[in-house]
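K.L.:
With the numbering used here, letter number 184 in the sequence shown gets 171, and the count goes up by one each step, no holes.
Here it is, the structure in full.
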Amino acid sequence: MTSNDRVAVVTGGSAGIGKAICERLLAQGYEVVSLARRRSDIDHSRLHNIEVDLSDRGATAAVARELVQKFAVTTVIHNAGVIRPALLAEVKLEDLDALVDLHLGCAIQLVQAALPAMRERHFGRVVLLSSRAALGLQTRTSYSATKAGMLGMARTWALELGPDGITVNVVAPGPIRTDMFYDLIEKGSDREQQLAASIPVRRLGVAEDVARAVWFFADPENSFVTGQVLYVCGGASVGSLSL
-12 MTSNDRVAVV TGGSAGIGKA ICERLLAQGY EVVSLARRRS DIDHSRLHNI
38 EVDLSDRGAT AAVARELVQK FAVTTVIHNA GVIRPALLAE VKLEDLDALV
88 DLHLGCAIQL VQAALPAMRE RHFGRVVLLS SRAALGLQTR TSYSATKAGM
138 LGMARTWALE LGPDGITVNV VAPGPIRTDM FYDLIEKGSD REQQLAASIP
188 VRRLGVAEDV ARAVWFFADP ENSFVTGQVL YVCGGASVGS LSL
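Okay, here's the thing in structure tokens:
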């Protein structure tokens, strides 16, 4: 892989985990394209912002076409996500549809668009951001279903794309201190402290914890790891978790 092939797309790159991923890729010399509903506040000559609602299938398709006309994308990191929590009795199918489009459909559209450039170079990296909630969590019917779907999708793509030099892996974070986390749990609350105490390593994660794991899979030197899931959760995936 040459320096000209270091072009990465990061969905949801304007905040939280996505922003940390963008910063790490920039530090590694990548051209980085952030696809998000708002612009990133990262000031860097190699960061390119495209504002888009990735839950809108038509808007995503248009952006995917624009993207590959401007860049030879060899790395796709699909981080954008929303939760829409609800107990089973209150689950709305329109929420499920929206999360299918965002978590699964968007990934398919972007990777399909990038495939010609990846195959031409016999190199590609795809990293999907799932969640510890894929293992099950109260109020997460739509979220856990679509995040679990990423695991099967990644394993399938790993089998299909391995001969083309393209690896596909999944990072599944546990509780991470981000704006999305604090939309659900009050910052500094007893609930936050209790949750941290329930995690085997006795702390909540930070965005950089996840970005380091994503870089492991995105690193061009790691060509013998594909179809895998790495839980970045402080051990919460091997025990119970109650939010």
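Beta carbons are placed, not taken as given, at the ideal position from N, Cα and C, and that holds for glycine.
For clarity, every value in this text was computed on a predicted model and none was experimentally measured.
1. So, does the stretch 189 to 196 touch the stretch 206 to 223, judging by three or more C-beta pairs under 8 Å?
2. Are alanine 59 and valine 157 closer than 8 Å when you measure CB to CB?
3. Could you give the residue range of the alpha helix (DSSP H) that holds serine 224?
4. Using 8 Å for Cβ pairs, my map puts alanine 100 next to valine 155. What's the rounded Cβ distance?
5. From the DSSP output, read off the bridge partner residues of histidine 35.
6. Distance, Cα to Cα, lysine 174 vs leucine 182?
7. Using the C-alpha atoms, what's the distance from alanine 132 back to alanine 76?
8. According to the neighbour-count rule (16 or more other Cβ atoms, all chains shown, within 10 Å of its Cβ), is arginine 26 buried or exposed?
9. What does the alpha-carbon distance come out to for the pair arginine 112 and serine 185?
10. Please go through the same chain and pick out, in chain order, the residues whose beta-carbon is closer than 8 Å to the beta-carbon of proline 103, but skip the five residues on each side of it.
11. Could you round the C-beta distance between serine 117 and leucine 138 to whole angstroms and report it? I think they count as a contact, below 8 Å.
12. Alpha carbon to alpha carbon, what distance is there between phenylalanine 168 and valine 50?
13. In or out: serine 21 buried (at least 16 other Cβ within 10 Å) or exposed?
14. Could you tell me how far apart the beta carbons of valine 78 and serine 129 are, in whole angstroms, since I believe they sit closer than 8 Å?
15. Taking C-alpha atoms, which residue in Val(-4), Ile70, Ala23 lies nearest to arginine 11?
16. Apply the 10 Å Cβ neighbour rule to serine 32 and answer buried if 16 or more other Cβ atoms are within range, or exposed otherwise.
17. In chain order, which beta strand (DSSP E) runs of at least 3 residues are fully inside the stretch 88 to 117?
P.N.:
In short:
1. yes
2. no
3. Careful: serine 224 lies outside any alpha helix (DSSP H) and carries neither H nor E.
4. Actually they do not touch by this definition, with Cβ atoms about 15 Å apart.
5. Val20
6. 12 Å
7. 16 Å
8. exposed
9. 34 Å
10. Val55
11. 6 Å
12. 28 Å
13. buried
14. 6 Å
15. Val(-4)
16. exposed
17. 111 to 116
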